[in-house]
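Working notes, beginning with the structure itself.
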Amino acid sequence: MPLPNRENIVPKKSTKDIVYSEMLDLIVKGTLKPGEKLNEAELTDYFGVSRTPIREAIQLLKEVKLVQIIPGQSTIVETINLKDMDNCYLVLTNLQVFAIEQAFPNITEEDIEYLNILLDNFNIASRKNSLQDVVKLDNDFHDYLVNLSNNSYLIDIINMLQLHVTRLKYLYFDDEDMRKFSINEHKKILEFISEKNIEKTKDIMYNHWERVRKSSLKIADNKLNSKENKNN
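In the working numbering, the protein residues as written are 154 to 385.
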């Protein structure tokens with residue numbers, strides 16, 4: 154019985170997975186706003202699918218705490234709770250440090266070269282004020298290092314936490330000074346990696362995420378309060 158070469162098989166995404174991925178993107182970017190009611194009929198029209206994959210996608214979003222289902226009432230986009238976000242950042246900061254420690258022996262010169270390309274593109278996107286590209290490239294930079302840890306459990310946990318902090322990144326990176334801070338800190342991270350100095354790399358990684366945590370929460374607090382005052 155002839156069988157196809159498995160390497161040539163491209164796994165197809167299910168309708169549920171496609172809807173989930175796109176809805177997640179809309180929530181993280183803020184297109185679907187915190188507290189916004191999700192209308193099932195509108196979503197089926199928008200995606201051109203039946204109600205079943207919409208409901209399945211919503212359940213997946215609920216599992217990662219991006220959607221809240223109120224039984225018998227409505228389904229809403231999860232609000233941004235700054236205390237919860239603070240806790241999320243605290244965990245993520247320490248896991249990022251652990252991840253770079255795990256990844257360190259696996260980092261090659263080719264990896265450093267690729268990370269420098271990402272950083273150059275980050276800089277270009279920042280100068281163009283392309284917020285979506287800035288957020289993506291920042292995530293790509295950190296995700297690449299985390300993936301080098303070769304620890305699937307660690308990677309999965311960090312990916313889940315990143316979903317939540319990325320909601321704040323769209324507020325944080327809207328500030329040009331914050332973009333400059335991150336670019337400079339990414340440069341230092343790569344410098345210490347190139348020098349094979351693991352302790353300095355861990356220190357700058359911790360300090361970087363701590364600064365981002367404090368700045369993100371402050372910026373989010375100001376912007377969210379400003380929106381509330383306008384609505385009142």
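For glycine and all other residues, C-beta sits at the position ideal for the given N, C-alpha and C.
Self-check item: Touching by the beta-carbon criterion (3+ pairs, under 8 Å), the segment 305-313 and the segment 172-185
Solution: no
Quiz item: Terminal residues of the continuous alpha helix (DSSP H) containing serine 279?
Solution: 262-280
Quiz prompt | In DSSP terms, what threonine 168 is bridged to | solution = Looking at the DSSP assignment, threonine 168 forms no beta bridge with any residue, so it has no partner.
Quiz prompt | Contact belief for valine 217 with valine 230 at Cβ below 8 Å, rounded distance in angstroms | solution = So it is not a contact: roughly 12 Å between Cβ atoms.
Practice problem: For isoleucine 233, I'd like the list of residues in its chain whose CB is within less than 8 Å of its CB, leaving aside the five on either flank, ordered along the chain. | Solution: Pro187, Arg320, Leu321, Ala373, Leu377
Quiz item: Could you give the residue range of the alpha helix (DSSP H) that holds isoleucine 342?
Solution: Residues 329-347.
Quiz item: Which same chain residues, not among the five before or five after tyrosine 267, have their C-beta less than 8 Å away from its C-beta?
Solution: Excluding sequence neighbours, tyrosine 267 sits near Tyr297.
Exercise. Report yes if the C-beta distance between lysine 190 and serine 167 is below 8 Å; otherwise report no.
Key: no
Quiz item: Thinking C-alpha only, which one of Arg280, Ala256, Ile308, Arg204 is nearest lysine 333?
Solution: Arg280
Exercise. Please work out which residues of its chain come closer than 7 Å, Cβ to Cβ, to threonine 246, disregarding the five sequence neighbours upstream and downstream, and give them in chain order.
Key: Tyr359, Trp362, Glu363, Arg366
Quiz item: For alanine 194, is the classification buried or exposed, using 16 other Cβ atoms within 10 angstroms of its Cβ as the cut-off for buried?
Solution: exposed
Quiz item: Given 8 Å as the limit, is there contact between the segment 253-273 and the segment 294-309, that is, 3 or more CB pairs closer than that?
Solution: yes
Quiz prompt | Rounded separation between proline 157 and glutamate 263 - CA only | solution = With a pLDDT of 44 at proline 157, under the threshold of 50, the predicted position of this residue should be treated as unreliable, and no value is reported.
Quiz item: Going by C-alpha distance, which of Val244, Ile171, Lys371, Leu213 is nearest leucine 307?
Solution: For the residues Val244, Ile171, Lys371, Leu213, the minimum Cα distance to leucine 307 belongs to Val244.
Self-check item: Cβ-Cβ separation, tyrosine 242 to arginine 318 (assumed contact under 8 Å), whole Å
Solution: Note on residue identity: the sequence assigns valine, not arginine, to residue 318. That belief holds up - the Cβ atoms of valine 318 and tyrosine 242 are roughly 6 Å apart, short of 8 Å.
Exercise. Reducing DSSP to helix, strand and coil, say where serine 227 ends up.
Key: strand
Quiz item: Taking Cβ to Cβ, would you say serine 369 is nearer than 8 Å to tyrosine 325?
Solution: yes
Exercise. Spatial neighbours of alanine 252 within its chain, please: CB distance less than 7 Å, with the 5 preceding and 5 following residues excluded, ordered by chain position.
Key: Answer for alanine 252: Leu298, Val299, Ser302, Leu307, Ile311, listed in chain order.
Quiz item: Taking the continuous alpha helix (DSSP H) assigned at glutamate 189, which residues delimit it?
Solution: No alpha helix (DSSP H) contains glutamate 189, which DSSP labels as neither H nor E.
Quiz item: On the three-state DSSP scale, how would you describe isoleucine 311?
Solution: Three-state result, isoleucine 311: helix.
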